[in-house]
């Protein structure tokens, strides 16, 4: 057997190697392209959503201690009526965040909400269930005043996160709680036209990581 | 044969069929992995050429379909083509320096867009301006945004580890080069033929 005939015959690994080196680039583009299209199909082909699960790798989570009952449910108010109530908001997320407070579904009859003055103060202590009004509440040393003004103004000024009232910025490194003291006073100068008027407003705290 | 060398490879090491197979399979696997990783970056970047917008997903608000570290590519569309159910990329109304990628739930009567992250319990409180929509999400490139995510989250350990693994794979990609190199020499010598071929192989 001559050397030349030996040389002409290539082993199978050799042939695969020569083939594989040219195939590498198109094969990689095709494989990665298939990965991309499969991932895109799975993500965007359906519009079903996953409403309840919270899968967040990092999260911002807020809870309050109101057990879903209203802060105030006051009736037979007259000019000068006042009351205070506290609610504790707890941040348990693990990302630093920004918490804002805004109103939802403001409603009033006879413009009554324009004659209810509202003061919101943040601090520590007390709880929603506190029997005497905000017993044990201590205002924060800085930025304790969140809002002073009418109920109507709060409801129209702060409607979502972007225009919400600034409250506090949890660091995300540990559970943090803030107490919010709400005080309402019915304006002594409430006109007779607002007699038997009503007002309601929901309060929402929203955290977004920053 | 008088030569102890592989008659076909021209390699100076003794002919070893198992070694050849291990080399060629290792090289193909390594090239496959490295090539697929580079391919993902390629697909993540190339749609930008035609004006589509790639974004790295930084949070889990669209889990489980879109996860942090994905690159999602959005195609700019006119606002008349927006439909509820689409995943849209838009300027975050709560933080204008950032974009938000959430699902469009409803087009409100005033034209604003109610959006929500699939994983979020509630809709975004601030509606989006339809003029601030940058596109409708069309492609998802898994993992391609991980380096960005790691840098943003200061997880430099992951970054260094992945770079080291990739760097370690690179030499393996060409570990079968001797098979091709040998063949080339053999082919050349086989054409010229004669007694020189063994010498040139050994050299």
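Residue numbers (this note's numbering), protein chains in the order written: chain A, 1 to 210; chain B, 211 to 413.
For glycine and all other residues, C-beta sits at the position ideal for the given N, C-alpha and C.
Could you pull the DSSP bridge partners for residue 312/B from this structure?
As a first step, residue 312/B is located in the second chain; it is residue number 102 there, counting from the start. Bridge partners of residue 312/B: 298/B.
DSSP has residue 285/B in a bridge; who is on the other side?
Here residue 285/B is taken as the residue at index 75 of the second chain, counted from 1. Partner(s): 346/B.
Please list, in chain order, the chain A residues whose beta carbon lies closer than 7 Å to that of residue 349/B.
Here residue 349/B refers to the residue found at position 139 when the second chain is read from its first residue. In chain order: 36, 40.
Smallest Cα separation from residue 192/A: which of 94/A, 112/A, 87/A?
One-based indexing of the first chain puts residue 192/A at position 192. Comparing Cα positions, the closest option is 112/A.
So for residue 410/B, helix, strand or coil by DSSP?
Walking along the second chain from the start, residue 410/B turns up at place 200. Residue confidence is low: residue 410/B scores 42 on pLDDT, short of 50, so the model does not pin down where it sits. Its coordinate-derived value is still stated next. Residue 410/B: helix per DSSP, three-state reduction.
Counting only beta-carbon separations shorter than 8 Å, does residue 96/A have a partner in chain B?
Residue 96/A sits at position 96 when you count from the first residue of the first chain. So no, residue 96/A is outside the interface.
Can you list the residues of chain B that residue 25/A reaches, using a CB-CB cut of under 7 Å?
Here residue 25/A corresponds to residue number 25 of the first chain, with the count starting at 1. Correct list: 245.
Which residues in chain B have a C-beta closer than 8 Å to the C-beta of residue 16/A? List them in chain order.
Looking up residue 16/A in the first chain gives position 16. Going along chain B in sequence order, the residues near residue 16/A (Cβ under 8 Å) are 234, 238.
If we ignore side chains and look at the alpha-carbon of each, how far apart do residue 236/B and residue 16/A end up?
Here residue 236/B refers to the residue found at position 26 of the second chain. Here residue 16/A refers to the residue found at position 16 of the first chain. Their Cα atoms are separated by approximately 12 Å.
Taking 8 Å as the threshold (C-beta atoms), are residue 186/A and residue 81/A in contact?
The residue labelled residue 81/A in the question sits at position 81 within the first chain. The residue labelled residue 186/A in the question sits at position 186 within the first chain. In contact: residue 81/A and residue 186/A (Cβ atoms closer than 8 Å).
Determine, for residue 29/A, whether the minimum Cβ-Cβ distance to residues of chain B falls below 8 Å.
Counting from one through the first chain, the residue named residue 29/A turns up at place 29. Chain B contact via Cβ: present.
Kindly indicate the opening and closing residues of the alpha helix (DSSP H) around residue 33/A.
Position 33 of the first chain, counted from the first residue, corresponds to residue 33/A. From DSSP, the alpha helix (DSSP H) with residue 33/A extends over 12–44.
Is residue 91/A closer than 8 Å to residue 170/A when the C-beta atoms are compared?
Here residue 170/A refers to the residue found at position 170 of the first chain. Here residue 91/A refers to the residue found at position 91 of the first chain. For residue 170/A and residue 91/A, yes; Cβs fall inside 8 Å.
Is it buried or exposed, residue 293/B, if we count other Cβ atoms within 10 angstroms and call 16 or more buried?
As a working mapping, residue 293/B is identified with position 83 in the second chain. Result: exposed.
Give the residues of chain B in contact with residue 102/A, contact being defined as C-beta atoms less than 9 Å apart.
The residue labelled residue 102/A in the question sits at position 102 within the first chain. The contacting residues are 335.
Check the DSSP bridge columns for residue 206/A and list the partner residues they point to.
Walking along the first chain from the start, residue 206/A turns up at place 206. Residue 206/A pairs with 100/A.
Using a C-beta cutoff of 8 Å, does residue 176/A count as contacting chain B?
Here the question's residue 176/A lines up with position 176 in the first chain. Not one chain B Cβ lies under 8 Å of residue 176/A.
Residue 337/B: buried (16+ other C-beta within 10 angstroms of its C-beta) or exposed?
Position 127 of the second chain, counting from 1, holds the residue named residue 337/B. Buried, by the Cβ-count rule.
Between residue 266/B and residue 93/A, what straight-line distance do the alpha-carbon atoms span, to the nearest angstrom?
Locating residue 266/B in the second chain gives position 56, where the first residue counts as 1. Locating residue 93/A in the first chain gives position 93, where the first residue counts as 1. Distance between the alpha carbons of residue 266/B and residue 93/A is about 22 Å.
For chain B, is any of its Cβ atoms less than 8 Å away from the one on residue 11/A?
For the purposes of this step, residue 11/A is taken as residue 11 along the first chain, with counting starting at 1. Chain B, which has a Cβ nearer than 8 Å to the Cβ of residue 11/A, makes this yes.
According to DSSP, is residue 291/B helix, strand or coil?
Against the second chain, residue 291/B aligns to sequence position 81. Three-state DSSP puts residue 291/B in a helix.
Run through chain A and tell me which residues come within less than 9 Å of residue 230/B, C-beta to C-beta.
Residue 230/B sits at position 20 when you count from the first residue of the second chain. Residues of chain A passing the Cβ test: 11, 12, 13, 14, 17.
How would you list, in chain order, the residues of chain A whose beta-carbon sits under 8 Å from the beta-carbon of residue 309/B?
Numbered from its first residue, the second chain carries residue 309/B at position 99. The contacting residues do not exist; residue 309/B stays about 14 Å from chain A at best.
Give the residues of chain B in contact with residue 160/A, contact being defined as C-beta atoms less than 9 Å apart.
Taking the first chain and counting its residues from 1, one reaches residue 160/A at position 160. Chain B residues near residue 160/A: 303, 304, 334, 335, 336, 337.
Got a sec, what are the start and stop residues for the alpha helix (DSSP H) residue 382/B sits in?
Position 172 of the second chain holds residue 382/B. First-last of the alpha helix (DSSP H) with residue 382/B: 366–382.
Express the C-alpha separation of residue 40/A and residue 377/B in angstroms, rounding to a whole number.
Here residue 377/B is taken as the residue at index 167 of the second chain, counted from 1. Here residue 40/A is taken as the residue at index 40 of the first chain, counted from 1. Looking at the two C-alpha atoms, the distance is approximately 29 Å.
Taking 8 Å as the cut-off, decide whether the C-beta atoms of residue 380/B and residue 243/B are in contact.
If you number the second chain from 1, residue 380/B lands on position 170. If you number the second chain from 1, residue 243/B lands on position 33. Result no, Cβ atoms of residue 380/B and residue 243/B do not sit closer than 8 Å.
Does the count of Cβ pairs from the stretch 196–207 of chain A and the stretch 61–71 of chain A closer than 8 Å reach three?
Touching, yes, given that three or more Cβ pairs across the two stretches are closer than 8 Å.
Looking at the C-beta of residue 209/A, does it have a partner C-beta in chain B at a distance below 8 Å?
Position 209 of the first chain, counted from the start, is the residue given in the question as residue 209/A. Yes, residue 209/A counts as interfacial toward chain B.
Counting Cβ pairs, one atom from each stretch, are 3 or more of them under 8 Å apart for the stretch 279–296 of chain B and the stretch 312–323 of chain B?
At 8 Å Cβ cutoff, the stretches touch.
Could you tell me which chain B residues have their CB closer than 9 Å to the CB of residue 146/A, listed as they occur along the chain?
The residue you call residue 146/A lines up with position 146 of the first chain. None at all; the shortest Cβ gap to chain B is about 17 Å.
Rounded to the nearest angstrom, what separates residue 369/B and residue 144/A at their Cα positions?
Residue numbering aside, residue 369/B sits at position 159 when the second chain is read from its first letter. Residue numbering aside, residue 144/A sits at position 144 when the first chain is read from its first letter. Spanning the two alpha carbons is a distance of roughly 42 Å.
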